[in-house]
Amino acid sequence: MIRHAIFADLARLPDIERSAAARFLGTPMAFAAASDPLPVETLAQAMADGLLWVAQDDDGRPAGFALARPLDADLFLAEMSVALPMQGRGLGRALLQAVIQHAGAAGMYRGVALTTDRELPWNGPFYRQAGFAEVPPAQQGPQLRAQLQHEAAAGFDPARRCAMRLALAA
Numbered sequence: 004m005i006r007h008a009i010f011a012d013l014a015r016l017p018d019i020e021r022s023a024a025a026r027f028l029g030t031p032m033a034f035a036a037a038s039d040p041l042p043v044e045t046l047a048q049a050m051a052d053g054l055l056w057v058a059q060d061d062d063g064r065p066a067g068f069a070l071a072r073p074l075d076a077d078l079f080l081a082e083m084s085v086a087l088p089m090q091g092r093g094l095g096r097a098l099l100q101a102v103i104q105h106a107g108a109a110g111m112y113r114g115v116a117l118t119t120d121r122e123l124p125w126n127g128p129f130y131r132q133a134g135f136a137e138v139p140p141a142q143q144g145p146q147l148r149a150q151l152q153h154e155a156a157a158g159f160d161p162a163r164r165c166a167m168r169l170a171l172a173a
């Protein structure tokens, strides 16, 4: 089940993010496994803005989350994490669908955008399968370009990193 996050979820989300990041061990993005999770203040602000969703496990506990924010004229998927033991059960797809549905219902976004690794199967190929397409540099808005530059400065390989977007029906 996917739902909007509540205050009681916030303490659990950093552990989910750390667990999900462990999947990067042994990949070209292994450094991401040691990255700090999102600050609780960032999570709380997204929750207050209605832009933080939680996937529950069978016992009703958070097992994954998605955080979005406006960027250029799109809703930007800033973080999506599913706890490692819960991966492969469709929670990521369901979270992504909740973000897409929210963006469409809001009526103020052209699409849903994100940045990701082009090659890792649970990154670029996962989003391509969901209908996202790479955004060429010439078509990236200034905030999306700045996001990619920020990620490169944080250690992400610019040759592997890409922006992707799913256009919303008009």
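For any residue, its number in this note's numbering is found by taking its place in the sequence shown, counting from 1, and adding 3. Where is the CB? At the ideal position from N, CA and C, for every residue including glycine. A quick note: this is a predicted structure, and the numbers were derived from the prediction, not measured.
Q: Tell me, to the nearest whole angstrom, how far the beta carbon of D77 is from that of G114; I am working on the premise that it is less than 8 Å.
A: For the purposes of this step, residue 77 is taken as the residue at position 74 of the sequence shown. For the purposes of this step, residue 114 is taken as the residue at position 111 of the sequence shown. 5 Å between Cβ atoms; contact.
(Q) Could you tell me the alpha carbon to alpha carbon distance between R2 and A166, rounded to whole angstroms? (A) Because the chain is modelled from 4 through 173, residue 2 falls outside the range shown and cannot be assessed.
Q) Do you know how far the Cα of A58 is from the Cα of A97? A) Taking the sequence shown and counting its residues from 1, one reaches residue 97 at position 94. Taking the sequence shown and counting its residues from 1, one reaches residue 58 at position 55. Straight-line measurement puts the Cα of A58 at about 8 Å from the Cα of A97.
**Q.** 8 Å contact criterion, which A86 and G63 should meet: CB distance rounded
**A.** Counted from its first residue, the sequence shown places residue 86 at position 83. Counted from its first residue, the sequence shown places residue 63 at position 60. The Cβ separation is near 14 Å, so there is no contact.
**Q.** N-terminal and C-terminal residue of the alpha helix (DSSP H) that A109 is part of
**A.** If you number the sequence shown from 1, residue 109 lands on position 106. Element bounds for A109: 94-109.
Q. So the beta strand (DSSP E) P145 belongs to, where does it begin and stop?
A. Sequence index remark: in the sequence shown, residue 145 carries index 142 (1-based). The continuous stretches of beta strand (DSSP E) do not include P145, which lies in the alpha helix (DSSP H) extending over residues 145-156.
**Q.** Beta-carbon contacts of A170 that lie in its chain and below 8 Å, excluding the five residues immediately before and after
**A.** Within the sequence shown, residue 170 is the residue found at index 167, counting from 1. The residues R113, G114, in chain order, have a CB closer than 8 Å to that of A170 in the same chain once the five nearest residues on each side in sequence are set aside.
(Q) Give me the residue from P140, H153, R121, P145 with the minimum Cα distance to T30. (A) Residue mapping note: residue 30 aligns to position 27 of the sequence shown, counting from 1. That would be R121, whose Cα lies nearest to the Cα of T30.
Q: Examine the Cβ distances between the region 149-163 and the region 27-43 and report whether three or more of them are shorter than 8 Å.
A: Segments in contact, yes.
Q: Measure the beta-carbon distance from L13 to L46 and round it to whole angstroms, keeping in mind my assumption that it falls under 8 Å.
A: Against the sequence shown, residue 13 aligns to sequence position 10. Against the sequence shown, residue 46 aligns to sequence position 43. About 5 Å; that satisfies the 8 Å criterion.
Q.
Let's see if you can read the secondary structure: which residues bound the beta strand (DSSP E) around A116?
A. Here residue 116 refers to the residue found at position 113 when the sequence shown is read from its first residue. For A116, the uninterrupted beta strand (DSSP E) segment begins and ends at 114-120.
Q. Could you check where the beta strand (DSSP E) with F1 kicks off and where it finishes?
A. In the structure as shown, the chain starts at 4 and stops at 173, and residue 1 therefore has no counterpart that could be examined.
Q. Would DSSP call L171 helix, strand or coil?
A. Stepping through the sequence shown from its first residue, residue 171 is reached at position 168. It is coil, neither helix nor strand.
Q. Along the chain, where does the alpha helix (DSSP H) that runs through G127 open and close?
A. Within the sequence shown, residue 127 is the residue found at index 124, counting from 1. Looking at the DSSP string, the run of the alpha helix (DSSP H) that includes G127 is 127-132.
Q.
Per DSSP, what are the beta-bridge partners of S84 in this structure?
A. What you label residue 84 is simply residue 81 of the sequence shown in a count that begins at 1. According to DSSP, which records beta bridges pairwise, S84 is partnered with F68.
Q. Is V57 helix, strand or coil when you go by DSSP?
A. Against the sequence shown, residue 57 aligns to sequence position 54. In the three-state scheme derived from DSSP, where H, G and I count as helix and E and B as strand, V57 is classed as strand.
Q) Considering only the beta carbon of each residue, do Q146 and D61 sit closer than 8 Å? A) Stepping through the sequence shown from its first residue, residue 146 is reached at position 143. Stepping through the sequence shown from its first residue, residue 61 is reached at position 58. No, these two residues do not count as a Cβ contact at 8 Å.
Q) Where DSSP assigns a beta bridge to A25, which residues make up the other side? A) Stepping through the sequence shown from its first residue, residue 25 is reached at position 22. Under DSSP, A25 takes part in no beta bridge, so it has no partner.
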